Amino acid sequence: MKILMVCLGNICRSPLAEGILRDKVRKCELDIVVDSAGTNRYHIGEAPDPRSIACAEAHGIDISDLRARQFKKADFERFDRIYVMDRSNMSDILALAKNQEERDKVEMILNVNRPNSDMDVPDPYYGGDEGFEHVYKLLDSACEHLLQEWEKESHKA
Ligand code: 4NP
């Protein structure tokens, strides 16, 4: 299974989501690949925002070696599920999909544990450190939910 986390810049929310999910996958020894990307190109090649790095580090997760990249159409083929952080990411990604199969891979990350809520993970870029901790908590509970579903499936198999 291959999972892609997507936000706007790929420096605040999606690298945090990637780090959180990778950490859980590693601890459970599941065979799941996690990556992240941004819809825009402003921060390509950059490390995550220092506030995202610090927030992850406070929770024992190192995301300092991640580098921002832009989402590309080939990602629809490379990944099984694409989780977007907000409705704006959703429309940007859906606009690049070429068929229903690709559109069906895209889901709002918070719908994982809050079905049909269509809640955004708020963009913390222009706020303070507390915004990052709030984002961390939202993403951690969504990722925990994903993990529990996969574990249930792996016990069934
Ligand atoms: P992200 O946050 O989408 O969570 O990575 C942002 C990063 C950069 C900008 C906006 C949001 N920006 O405008 O440069």
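Here the sequence shown is numbered in this note's numbering, starting from 8 and rising by one per residue.
Note that the Cβ used here is the ideal one computed from N, Cα and C, for glycine as well.
Every value quoted in this text rests on a predicted model; they were computed, and no experiment measured them.
| Whose beta carbon lies closer than 7 Å to any heavy atom of the ligand 4NP, going through the chain in order? | 14, 15, 16, 17, 18, 19, 20, 21, 45, 49, 50, 56, 92, 130, 131, 132
| First through last residue of the alpha helix (DSSP H) which encompasses residue 133 | First-last for residue 133: undefined, no H or E at that position.
| If you draw a straight line from the C-alpha of residue 54 to the C-alpha of residue 18, how long is it? | 7 Å
| task | Give the DSSP bridge partners of residue 88, in chain order. | result | 10
| field | Closest by C-alpha distance to residue 138, when choosing among 61, 45, 35 | value | 61
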